[in-house]
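Using my numbering, the first residue of the sequence shown is number 3, and each one after it goes up by one.
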Amino acid sequence: MVMLNSVSELHEHLDRSQLTEELGGFIRYEHHDWIEQRSAIEKFASNTHDIAKTLQQLGTELAETELPNDISTTESLLEQQRKQKEEIKDDLAEAQRHGETLLSIIRRPSSDTVTADLCPSTATNVSTIERYIIQLEETDKAFDEFWSSHELKLSQCLQLRHFETEFRELKGTMDALQEQLCETQETGDSVARVDALLKEASQLENKAKVGMDKARRLVARGDELISENHYAVDSIRPKCHEMQLVCDDFTVAMEKRVDLLNRSHDLQQRLEKANRWCTQGVDLLASQPIDKCQTQEGAESALKECSDFLKTFDDLRLQDPKEFHVKFEEMLTAESKVGGGDMDGSIY
């Protein structure tokens, strides 16, 4: 330890550039300024710490968020958390602006400063503030990355809830239409009735077309979500497949129904035509005068009329009983089969 008696002796041991102005050096130091700066820095540091703590708590809260099961709750949650995000982002921006302002004030030289170089205490304060500003910037960047991932998950959750809701509604609609189609077994007992049934089938098909168009759009939307690597791919893909099957099943059932009714229409036309033909035959026989057959010429004339009438049987398309029964087996009642057998026997 060296005992000094004067400032001049101090200058012999320390360079004046390392001493304050009070000791004859070149370093400007004002204790009042130092106290203000330290107080401002400590307040800034405390604010930075509080924001980091709040961000950590918010991040934990968001990460542990349980995804809702309905659209309205998901929308509310997304809106609420976006508001929380905006509020903390505003706090971060305000803290960064405060740090930059504080930094510019400390760096600003006084009018009586001899040199533009910062004194050691000021340089330390500048370094401290810069460190906190960098910390805020890194915290802001990390939160942005976390929020981007979290918001995507919430947005995908909302997409999934919309998809599931529309799926349930369409599935219910198509199931009801399928049930209505399956319950309609009547094939009609006349051409007029079959025409009415064909009209009903057409109306049901048009009604189903609206639902199937929506279903196709839903499947396309599902495929789009899958291609975008949605987190619920394992839930979306089976629903797309199920919806496609529902539409395919209805289409096949409707095609069978229309085909059956068309064949029933053909059957009723043939039967009505056959009935008219038989009636005409009976009328022809009944219209023949008994005395007409008393002469050879009259008998030959009556025979020719009957022969000409029998030739029109080909127009009934009943020459092949096997083809008739194969084509119309589904819609032939026991009574009509018996009638058909009698008719075949009477003809052949």
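Just so you know, even glycine gets a beta-carbon here, dropped at the ideal spot from N, CA and C.
Because the structure is a prediction, the values reported are computed rather than measured.
Query                                                                                                                                                                      : Result
Quick one: grab the DSSP three-state call for Glu-202.                                                                                                                     : helix
Using a Cβ-Cβ cutoff of less than 7 Å, which residues in the same chain neighbour Glu-331 once the five nearest sequence positions on both sides are dropped?              : none
What whole-angstrom Cβ distance do Ile-108 and Asn-127 have, given they're in contact under 8 Å?                                                                           : 5 Å
Where His-267 and Asp-316 are concerned, what is the direct C-alpha to C-alpha distance, given to the nearest angstrom?                                                    : 19 Å
Does the structure place the stretch 278-294 close enough to the stretch 207-225 that three or more beta carbon pairs sit under 8 Å?                                       : no
Should His-425 go down as buried or exposed, given a rule of 16 or more other Cβ atoms within 10 Å for buried?                                                             : Past the boundaries of the shown model lies residue 425; the chain is included only from 3 to 350, so the question cannot be answered.
Of all the options Leu-262, Leu-60, Thr-103, which has the alpha carbon lying nearest to the alpha carbon of Lys-85?                                                       : Leu-60
Put Gln-290 into one of helix, strand or coil per three-state DSSP.                                                                                                        : coil
Where does the unbroken alpha helix (DSSP H) through Ala-97 begin, and where does it stop?                                                                                 : 73-109
Tell me the rounded alpha-carbon separation between Ile-135 and Ile-37.                                                                                                    : 21 Å
Grouping DSSP H, G and I as helix and E and B as strand, with all else coil, what is Asn-231?                                                                              : coil
Which first and last residues belong to the alpha helix (DSSP H) in which Ser-303 is found?                                                                                : 298-313
Less than 8 Å separating the beta-carbons of Ile-90 and Leu-57?                                                                                                            : yes
Please report how far the alpha carbon of Glu-63 lies from the alpha carbon of Glu-77, in whole angstroms.                                                                 : 17 Å
Give me the Cα-Cα distance between Met-132 and Asp-52, rounded to the nearest whole angstrom.                                                                              : Residue identity differs from the one stated: residue 132 is Glu in this sequence, not Met. Going by the C-alpha atoms only, they are around 17 Å apart.
Could you tell me the alpha carbon to alpha carbon distance between Val-193 and Met-256, rounded to whole angstroms?                                                       : 20 Å
Using a Cβ-Cβ cut-off of 7 Å (strictly less than) and excluding sequence neighbours within five positions of Ile-43, which residues of its own chain qualify?              : Asn-127, Thr-130, Ile-131
Could you check the C-alpha separation between Ala-54 and Thr-124 for me, to the nearest Å?                                                                                : 26 Å
Is the beta carbon of Ala-125 within less than 7 Å of some heavy atom of the ligand SAH?                                                                                   : In the structure shown, the ligand SAH is absent, as is every other ligand, since no ligand is present at all.
Say whether the stretch 259-275 touches the stretch 197-204, bearing in mind that this needs 3 or more beta-carbon pairs closer than 8 Å, one atom from each stretch.      : yes
DSSP three-state call for Leu-273: helix, strand or coil?                                                                                                                  : helix
Please state whether DSSP places Ser-192 in a helix, a strand or coil.                                                                                                     : coil
To the nearest angstrom, how far is it from the Cα of Asp-114 to the Cα of Leu-105?                                                                                        : Its pLDDT being 45, under 50, Asp-114 is placed unreliably in this model, and the coordinates cannot settle the point.
Check whether the Cβ of Ser-192 lies closer than 8 Å to any Cβ atom in chain C.                                                                                            : Protein chains in the displayed structure number just one, and chain C is not present.
Can you look up Met-256 in the DSSP assignment and give me helix, strand or coil?                                                                                          : helix
Considering only the alpha carbon of each residue, which of Met-245, Gly-190, Gln-282 lies closest to Gln-270?                                                             : Gly-190
Is DSSP giving Thr-67 helix, strand or coil here?                                                                                                                          : coil
Which residues in the same chain as Asn-208 place their Cβ atom closer than 6 Å to its Cβ, once the five residues preceding and following it in sequence are excluded?     : none
Let me know the secondary structure DSSP gives Met-5 once reduced to three states.                                                                                         : coil
Can you list, in chain order, the residues of its chain with a C-beta nearer than 6 Å to that of His-152? Leave out the 5 residues immediately preceding and following it. : Leu-64
Could you round the C-beta distance between Leu-227 and Gln-161 to whole angstroms and report it? I think they count as a contact, below 8 Å.                              : 6 Å
Leaving out five residues before and five after Arg-163 in sequence, what residues of the same chain have Cβ atoms less than 8 Å from its Cβ?                              : Pro-70, Asn-71, Asp-72, Ile-73, Thr-76
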